[in-house]
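Chemist: Here it is: the structure, laid out below.
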Amino acid sequence: MNTTTEKTPEGHESTYVLMLRLWHESIRPYFGWILLAVLCMGCMAAATAFSAWLMEPVVNEVFIAENSALLWPLGGAVFLTFLIKGFANYGQSVLMSFVGFRIIADNQNRLFAHLAQMDIGFFHNNSTGKLISRFTVDINQMRVAVSNVLTGFGKDLLSLVGLVSVMFLKDWQLAAISIFVFPLAAFPVLQIGRRLRKVTANTQEEMGLLTTFLEQTFQGIRVVKAYGMEGYEKSRIGDIVERIFKLTLKSVRTKSVASPIMETLGGVAVCVVIIYGGNRVIAGETTSGAFFSFIMALLLAYEPMKRLANLNASLQEGLAGAQRLFELIDTKPAILEKEDALDLGVVKGDIHLDNVHFSYSQGKPALNGITLDVPAGKRVALVGASGGGKSTILNLIPRFYDVDDGHVVVDGNNVRDVTFSSLFANVALVSQEITLFDDTVRANIAYGRAGASEEDIIEAARNAA
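Plus 5 on top of the position in the sequence shown (first one is 1) and you've got my numbering.
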């Protein structure tokens, strides 16, 4: 067996395990930037809380006492507060965007470097669309989760702490009563997050399948048209698009469940505050300014509280992408270079296959006891029916696959005992498949020979003409 199978866990990894790995591998290198962003978030939170606190002197001194001397100072304080809040919001937004997009770039580079080391069998078992989906959809979902979680625990949590502090400073009894109802939302919010992670994972799988089908259809468009299969392909793509639509709608419905829960609890809290707080103002136990300051703090606290309630849903969406990414990164190639591998020094170029047995996956043997000698300088043609093993033999020489039994020897060296770089430097493959990379003609001709001179490239082009 010579193919790589992707590591598939028995179940979802825990949120804690995934977050810990995400922190160590993606977030920690940018801790300094995050710290600066949190500082900006702290300024925002302080400005938001101070704007609520300012309502008491504005109402009591300006509107009730009609103290004109405080009109300009209080107006200036409000302006300065919102100015600080605006610049702090700009700072945290830019810093968090930098961190988020760096995480995308780092993981895309990391994933490509890992996949480039995988064996050919891995790419036969994993469709191109599936791998591209990991590069785009999954990594972006992970970035959104990281940005939302850090912003939520920074800006929203700090704002909530500041505003709740103002509420307790103004009227601790009213504050205790008003916030008592919100812990009731914890259980349904957690359940929503768990369900959303599963739905998101299924959606991402379907997105990968869609990319694969589109790639196959566009690459084989001549065959599709030649056999009049446009309708069939349209039906296949339509089925996948419909499944993605239903999963996406299910995700939106699941995520939106938190909104009526928070709206209802928010309505209960405001209702209690108006009735209880209004009675206290009428009874002269507190001032109108203190009450309006409290109400403003409560209303300002409602939005960050609602975002925090949706935070787990956003986190689980991102962790679904992170888990798929980590599964791919944790997959090991089936063909590895030995630690004590030697450089292949080709003197003549003899090739020898000794009693070689090989099969793809668990299927029928492609080669069964093949022995073949190709002396240096000889031109050998392998002739036979399609599927007879001709291409397989050629794939074994540069060690694209490993034999199940037997040996492949180049100039007296078993290909399993030499380094990949020296093997590839001495074995050239001219495939019947035409591959042109999105680069210059010069770069395509010199592909694999970074140090090739202009004369070498021109000579190669003439020889191929």
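Cβ atoms here follow ideal geometry from the backbone N, Cα and C, with glycine treated the same way.
Note that the structure is a prediction, hence the values are computed from the model and not measured.
What number of angstroms, rounded off, separates the C-alpha of Gly16 from the C-alpha of Ala302?
Modeler: A caution first: Gly16 carries a pLDDT of 44, below 50, which makes its placement in the model too unreliable to give a value.
Chemist: Tell whether a beta-carbon distance below 9 Å holds between Leu324 and Leu23.
Modeler: Result yes, Cβ atoms of Leu324 and Leu23 sit closer than 9 Å.
Chemist: Ordered along the chain, which non-local residues of its own chain (more than five positions away) have a Cβ less than 6 Å from that of Asn153?
Modeler: So the qualifying residues of the chain are Ser319.
Chemist: Asn418 bridges to which residues according to DSSP?
Modeler: DSSP output for Asn418 lists Val415 as bridge partner(s).
Chemist: For Cys276, does the count of other Cβ atoms within 10 angstroms reach 16, so buried, or fall short, so exposed?
Modeler: It counts as exposed.
Chemist: As an exercise, report each continuous beta strand (DSSP E) stretch of at least 3 residues that is fully enclosed by the segment 378 to 461, in chain order.
Modeler: 410 to 415, all fully within the segment 378 to 461.
Chemist: State the DSSP-derived secondary structure class of Ile242, mapped to helix, strand or coil.
Modeler: In the structure shown, Ile242 sits in a helix (DSSP, three-state: H, G or I).
Chemist: Going by CA-CA distance only, name the one from Ile462, Glu322, Asn431 that's closest to Val151.
Modeler: Closest option to Val151, Cα to Cα, is Glu322.
Chemist: Could you name the residues that DSSP lists as bridge partners for Val361?
Modeler: Its beta-bridge partners are Ile375.
Chemist: Within the segment 234 to 293, note down every full alpha helix (DSSP H) run reaching 4 residues or more, in order along the chain.
Modeler: With a minimum length of 4 residues, the continuous alpha helix (DSSP H) runs that stay inside the segment 234 to 293 are 235 to 261, 263 to 287.
Chemist: Could you check if Pro481 is buried or exposed, using at least 16 other CB atoms within 10 Å of its CB as the buried criterion?
Modeler: Lying before the first or after the last residue shown, residue 481 is absent from the chain, which here runs from 6 to 470.
Chemist: Nearest-angstrom Cα distance between Val286 and Lys175?
Modeler: Their backbone Cα atoms lie some 13 Å apart in a straight line.
Chemist: Under 8 Å Cβ to Cβ from Ala448, same chain only, skipping five residues before and after it: list those, please.
Modeler: Cβ neighbours of Ala448 beyond the five flanking positions: Phe442.
Chemist: Between Thr86 and Leu59, is the Cβ-Cβ spacing less than 9 Å?
Modeler: For Thr86 and Leu59, yes; Cβs fall inside 9 Å.
Chemist: Just confirm the distance between the C-beta atoms of Trp38 and Leu100, as a whole number of angstroms; I'd bet it's less than 8 Å.
Modeler: Between Leu100 and Trp38 the Cβ distance is about 5 Å, and since that is below 8 Å, they are a contact.
Chemist: Extract the residue ranges of the alpha helix (DSSP H) inside the segment 103 to 131, only unbroken runs of 4 or more that lie entirely within it.
Modeler: List check, alpha helix (DSSP H) in window: 125 to 130.
Chemist: With distances taken Cα to Cα, identify the nearest neighbour of Ile279 among Arg199, Ile89, Ile300.
Modeler: The shortest Cα separation from Ile279 among Arg199, Ile89, Ile300 belongs to Ile300.
Chemist: In the DSSP output, which residue or residues are listed as bridge partners for Ile32?
Modeler: Paired residue(s): none; Ile32 is not in a bridge.
Chemist: Go ahead and label Pro473 buried or exposed: buried means 16 or more other beta carbons lie within 10 angstroms of its beta carbon, across all protein chains shown.
Modeler: Lying before the first or after the last residue shown, residue 473 is absent from the chain, which here runs from 6 to 470.
Chemist: Looking at C-alpha atoms only, which residue of Gln97, Lys255, Val385 is the closest neighbour of Ile197?
Modeler: Taking only the C-alpha atoms, the option nearest Ile197 is Lys255.
Chemist: Distance, Cα to Cα, Ile226 vs Phe92?
Modeler: Spanning the two alpha carbons is a distance of roughly 53 Å.
Chemist: So Phe158 is in the alpha helix (DSSP H); what residue range does that whole segment cover?
Modeler: Run containing Phe158: none; DSSP gives neither H nor E here.
Chemist: Compare the C-alpha of Val446 against each of Leu25, Ala386, Val63, Ala465 and name the closest.
Modeler: The candidate whose alpha carbon is nearest that of Val446 is Ala465.
Chemist: For the structure I just gave you, are there three or more beta carbon pairs, one from the segment 131 to 139 and one from the segment 214 to 223, closer than 8 Å?
Modeler: Touching, per the Cβ criterion.
Chemist: Would you identify the three-state DSSP class for Ile356, choosing helix, strand or coil?
Modeler: Correct three-state label for Ile356: strand.
Chemist: Quick one: grab the DSSP three-state call for Leu59.
Modeler: Coil, per DSSP.
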